[in-house]
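The block underneath contains the structure these notes are about, expressed in structure tokens.
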Amino acid sequence: MSTAFRSLAPFLRTARQGLRANPINPLQSAFSKQNTSGVLNLYRTYAVFERSKPHVNIGTIGHVDHGKTTLSAAITKRQADKGLANFLEYGAIDKAPEERKRGITISTAHIEYATDNRHYSHVDCPGHADYIKNM
Numbered sequence: 312m313s314t315a316f317r318s319l320a321p322f323l324r325t326a327r328q329g330l331r332a333n334p335i336n337p338l339q340s341a342f343s344k345q346n347t348s349g350v351l352n353l354y355r356t357y358a359v360f361e362r363s364k365p366h367v368n369i370g371t372i373g374h375v376d377h378g379k380t381t382l383s384a385a386i387t388k389r390q391a392d393k394g395l396a397n398f399l400e401y402g403a404i405d406k407a408p409e410e411r412k413r414g415i416t417i418s419t420a421h422i423e424y425a426t427d428n429r430h431y432s433h434v435d436c437p438g439h440a441d442y443i444k445n446m
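One gets my numbering by counting positions in the sequence shown from 1 and adding 311 to each.
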């Protein structure tokens, strides 16, 4: 999304509401009670992620059909049993129809899970040399 669109988003939102029976002023909505700082709310806000554990990035790389995606699915299964992750089966990791049809990973997949001591961000990479450029 471009910066120009993000800066116009609050005004576009109020433009749609201006077509209603009781139109509202765009400046009034920008300086509304939700925005108590007095600064225009022109940027998108995100939820704050609290990092209570050290973060570790992991990537599985290897040759074709050596079990990279299967290993990723097995890790999520074990951690889901402990309540530290959402279980993702093999088909959920390789989401694209072409990947399912051919039974190979074409693009990278991102998985998150945790242990008692750490939070992991896991990237499952393709094994075919032709698809390494997708990384």
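The C-beta atom is built at its ideal place from N, Cα and C for all residues, glycine as well.
Under the three-state DSSP convention, the category residue i falls into
{"i": "SER383", "result": "helix"}
{"i": "ASP435", "result": "strand"}
{"i": "ASN346", "result": "Any reading at ASN346 needs caution, since the residue's pLDDT is 48, under 50, leaving its predicted position unreliable; the model's value is listed next. If DSSP states are grouped into helix, strand and coil, ASN346 belongs with coil."}
{"i": "ILE372", "result": "coil"}
{"i": "ILE417", "result": "coil"}
Status (buried if at least 16 other CB within 10 Å, exposed otherwise) for residue i
{"i": "ALA403", "result": "exposed"}
Rounded straight-line distance, which links the Cα of residue j to that of residue i
{"i": "PRO437", "j": "ASP376", "result": "10 angstroms"}
{"i": "THR426", "j": "ILE369", "result": "14 angstroms"}
{"i": "PRO408", "j": "HIS421", "result": "17 angstroms"}
{"i": "GLU361", "j": "ILE417", "result": "32 angstroms"}
{"i": "GLY394", "j": "GLU423", "result": "13 angstroms"}
{"i": "LYS412", "j": "SER432", "result": "27 angstroms"}
{"i": "ARG389", "j": "THR371", "result": "17 angstroms"}
Contacting residues, own chain, Cβ-Cβ under 7 angstroms from residue i (five flanking each side not counted)
{"i": "ALA384", "result": "LEU399, GLU400, TYR401, ILE404"}
{"i": "ALA477", "result": "The chain is shown only over 312 to 446; residue 477 falls outside these bounds and no answer can be derived."}
{"i": "ASN428", "result": "LYS364"}
Whole-angstrom C-beta distance between residue j and residue i, which should lie under 8 angstroms
{"i": "ASN397", "j": "THR387", "result": "7 angstroms"}
{"i": "LYS379", "j": "GLY373", "result": "5 angstroms"}
Own chain partners of residue i with C-beta closer than 6 angstroms, once the 5 adjacent residues on each side are dropped
{"i": "HIS430", "result": "LYS364, HIS366"}
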